[in-house]
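Position one of the sequence shown corresponds to residue 100 (my numbering), numbered consecutively onward. For glycine and all other residues, C-beta sits at the position ideal for the given N, C-alpha and C.
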Amino acid sequence: MSPAGDVSGSDAQGLAPAKVDAIVTGAWVITVNSAREIYRDGAIAIRDGVIVEVGKRAAILAAYRAATLIDEPDAIVIPGMTNGHRHLLCCAKGAMPEGGTTLESLRRFIYPSFAALTEADMHVLARHAAAEMIRFGTTLFEEPGCNHLPAVLEALDEARIRARIGPWTWDGAGAAGRADLPDWLLMDADAALSRLSDGIEVVRKFGRPRLRDAVTIEGVATCSDALNRGAADLALDRDSLFVLHKSTSENEVALELAAFGERPVAHMASIGALHPRVLLNHMTSLDDGDVRAVAESGARVSQNPTSALKLAKGTTQTGKWKALADAGVPMALGTDAENVSNHTDICRVMQLAALLPRDMLRDPNAISAEQALEMATLGGATALWFDDVTGSLEPGKQADIVIFDTGNFDLRPLHNPVANLVYGSTGHSVDTVLIGGEVVLRRGQLTLLDEHALRAEVEQVNQRVLAEIGISPLPRWPVI
Ligand SMILES: [Zn+2]
């Protein structure tokens, strides 16, 4: 960053340049605006955290005088990325026992670790997760149900990241029964709906526009129809977003078929719980009827390919990613809990989102690189009902901006920046991140959070929780 007064000039009519707070420049500014324009040698003018104008670098520098110039003539600049499914309520990345199915892993490791986390732990985990997401270019994420919500909100506010968030909620009265569920936070449907309603109030009273409420139930065959329908109604009534896990495995589909005679998505439609204010997470086991039901309802989807692959969900056989995209369903990309993806890097998810459907359908055009980049940005913001303020680089939107350093092997040679980003990049090439015009990462360094201190804190939490739940996450090979 440098003072920009000396690089701005007056325009052709001799008018004085307008004052702005910052200008960001790049070799390629990928706007994801309605025309999907990419500016070669582009720039973005920012005032009060909002994008004033996007255009060619020379024109922007002539028209505006900026207090701060972030001048990156070799960089690729994109909108802030969205992580459409990222649990904060989790611990000990890489500690989940290998080889479990989705339902086994939930019951053996994930639920017990949730129950062990204190309010102080949640504050640490939320700040650490936000730090990691920002480091890799994520400026907005969906948290599908956390505990100790006020502590988490404080942590996210410190990090300045945007989020959709609500409390972990379930009633143990779904098709899977409650035999394998912990007693932790189990309640009946009425109490669960009160908790969800309270969650909306807690987020709204916290009063930070970057943090929006969600009506979050677990939903992996663990919630009653009364809770599903009530949560869907609540989201609609309060202009919130109903977030739940759905069709996460063939096992879950079989459970609901046996209990209801309908697949999970069809059952949601039958009970009146599918509408535009619903975000369905995972959706790895679908049929054509499910795709039609989602598209007709206006509901949104987040896909989590690394999690789907690691947990062997069959996403390349029972996923319907191209069909959902062709039907115009807003789609976010997510990484899920850190134990199932072992990373929070949306660049790596973009690659899988572009490539897995091609192999599945033996069609190299099944999902384009542009579609994958759109899912990571505008599609994610739309899926989370945040596209009114973020997801693209255009006047009036918040200045949520990611700048990639192209001086790395993963982005060079550079001819097509979209292809390079989707197929070749990782989040380690993210150099600078702005959220609402505020620089939260510069030259790979977090400006508001202490990465090293956070790492030490989170490792302490992990060690204590793993000891409590009796898990020792070592490799299968002998450790001498
Ligand atoms: Zn999840």
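For the options Lys304, Ile260, Gly329 and Asn246, the alpha carbon positioned closest to that of serine 293 is the one of Gly329.
Using a C-beta cut-off of 8 Å, the segment 404 to 415 makes contact with the segment 429 to 439, since at least three inter-stretch Cβ pairs fall below that distance. Membership of arginine 303 in the alpha helix (DSSP H) is indicated by the continuous run 288 to 305. For asparagine 561, the Cβ stays outside the 7 Å cut-off from all heavy atoms of ligand 1. Under the DSSP assignment, aspartate 140 falls in the beta strand (DSSP E) whose first and last residues are 137 to 146.
The C-beta distance from glutamate 493 to valine 153 rounds to 6 Å, short enough to fall under 8 Å. The Cβ atoms of valine 390 and lysine 419 sit closer than 8 Å to each other. Following the DSSP letters along the chain, one finds leucine 553 inside the alpha helix (DSSP H) bounded by residues 550 to 568. Separation of glycine 236 and leucine 335 (C-alpha to C-alpha, rounded to the nearest whole angstrom) is 31 Å. Judged by DSSP in its simplified three-state form, asparagine 515 adopts coil rather than helix or strand.
Annotation for alanine 372: Asn327, Arg328 and Ala331 place their beta carbon closer than 6 Å to its own, counting only its chain and skipping 5 residues before and after.
Remark: the C-beta of aspartate 435 is in contact range of ligand 1, defined as less than 7 Å to any heavy atom. By the neighbour-count criterion, in which 16 or more other beta carbons inside 10 Å mark a residue as buried, isoleucine 579 falls on the exposed side. Measuring C-alpha to C-alpha distances from valine 151 to each of Ala215, Val501, Pro456 and Gly536 identifies Gly536 as the nearest. The DSSP-derived three-state label of tryptophan 420 is helix. DSSP places asparagine 380 outside any alpha helix (DSSP H); the residue lies instead in the beta strand (DSSP E), whose first and last residues are 377 to 381.
Taking the Cα positions, threonine 347 is about 6 Å away from serine 384. Closest in C-alpha terms to aspartate 387, from the list Asp435, Val364, Tyr522 and Asn380, comes Val364.
For threonine 481, the enclosing alpha helix (DSSP H) covers residues 479 to 482. Relative to ligand 1, the nearest heavy atom lies less than 7 Å away from the CB of histidine 184. Assignment of alanine 115 by DSSP, reduced to helix, strand and coil, places it in the coil class. In the DSSP annotation of this structure, isoleucine 175 is not part of any alpha helix (DSSP H); the continuous beta strand (DSSP E) holding it starts and ends at 163 to 178.
If you check the CB distance, arginine 362 and valine 377 do not come in under 8 Å. Taken atom to atom, the span from the alpha-carbon of leucine 455 to that of threonine 415 is near 6 Å.
Arginine 263 is bridged by DSSP to Glu241 and Arg311. In this structure, arginine 139 lies away from valine 529, with their beta-carbon atoms at least 8 Å apart.
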